[in-house]
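All residue numbers for the sequence shown refer to the numbering used here, where the first residue is 189 and numbers rise by one. All residues carry an ideal CB built from backbone N, CA and C; glycine is no exception. Read through the structure below, which is laid out as structure tokens, and then see the notes.
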Amino acid sequence: MKEKLDLDILDLYIQEVHNYPLLSEPEFLKLLEEYRNGCLDAREKIINSNLRLVIKVAEKHCKKTSTMTLLDLIQEGNIGLTKAIESYDVSKSQFSTYAYHFIEGHILNGIRKSDRIIRRPKYIYDLQHKYDNFVEKYYEINKEYPEDKILKKELNI
């Protein structure tokens, strides 16, 4: 029953999101300037016009978690979107590219937090990622797994 309710809410949310128009680059820059001058309505328009991007990124990562629904992932992505708007620098890149990384980062962080009974610090996840990548590359080259000495040296532990 709860799953059916989540699907209904998700469908309504997606329909609602498609009611907001996408912004052209000049419109976006004008709204960003207004927001930086204190207009919260401009911020809301920027957020609403980029919610489709959040949904797209959330759908991409939906299969990576068993504990979070698509709605949960969208919520995490929305937080990332708002952080991206606050720190966006016009001279760096296009906003959607910039925001994508914030959205994805918040979604992945939400997955990390929810998939464990005992939450591990972020640096442990980073070390695990570094370890996995190194072992995979080492095995491809040498057709054997690295010894502890090599791992200690490579991972600085």
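- Message: Quick check: residue 261 and residue 272, are their CB atoms within less than 8 Å of each other?
- Response: Here residue 261 is not near residue 272, since their CB atoms are 8 Å or more apart.
- Query: Going by the beta-carbon positions, is the gap between residue 249 and residue 267 smaller than 8 Å?
  - Reply: No, the pair does not count as a contact, with Cβ atoms beyond the cut-off.
- Are the beta-carbon atoms of residue 270 and residue 302 separated by less than 8 Å? No, these two residues do not count as a Cβ contact at 8 Å.
- What residues in its chain sit with their C-beta under 7 Å from that of residue 283, if we drop five residues either side in the sequence? Closer than 7 Å at Cβ, skipping near neighbours: 216, 276.
- Task: Since I believe residue 239 is in contact with residue 208 (beta carbons under 8 Å), could you give me their beta-carbon distance rounded to a whole number of angstroms?
- Result: Rounded, the Cβ-Cβ distance is 7 Å, consistent with contact.
- In terms of residue numbering, what span does the alpha helix (DSSP H) encompassing residue 206 cover? In the DSSP assignment, residue 206 falls outside any alpha helix (DSSP H) and carries neither an H nor an E.
- Item | Candidates 232, 337, 213, of which the one nearest residue 323 by Cα | For the residues 232, 337, 213, the minimum Cα distance to residue 323 belongs to 337.
- Just reading off the alpha helix (DSSP H) that residue 286 is part of, what are its end residues? Residue 286 -> alpha helix (DSSP H) spans 283-302.
- Using CA coordinates, which residue listed in 251, 233, 299, 292 is at the minimum distance from residue 205? When only C-alpha atoms are compared, the closest one is 233.
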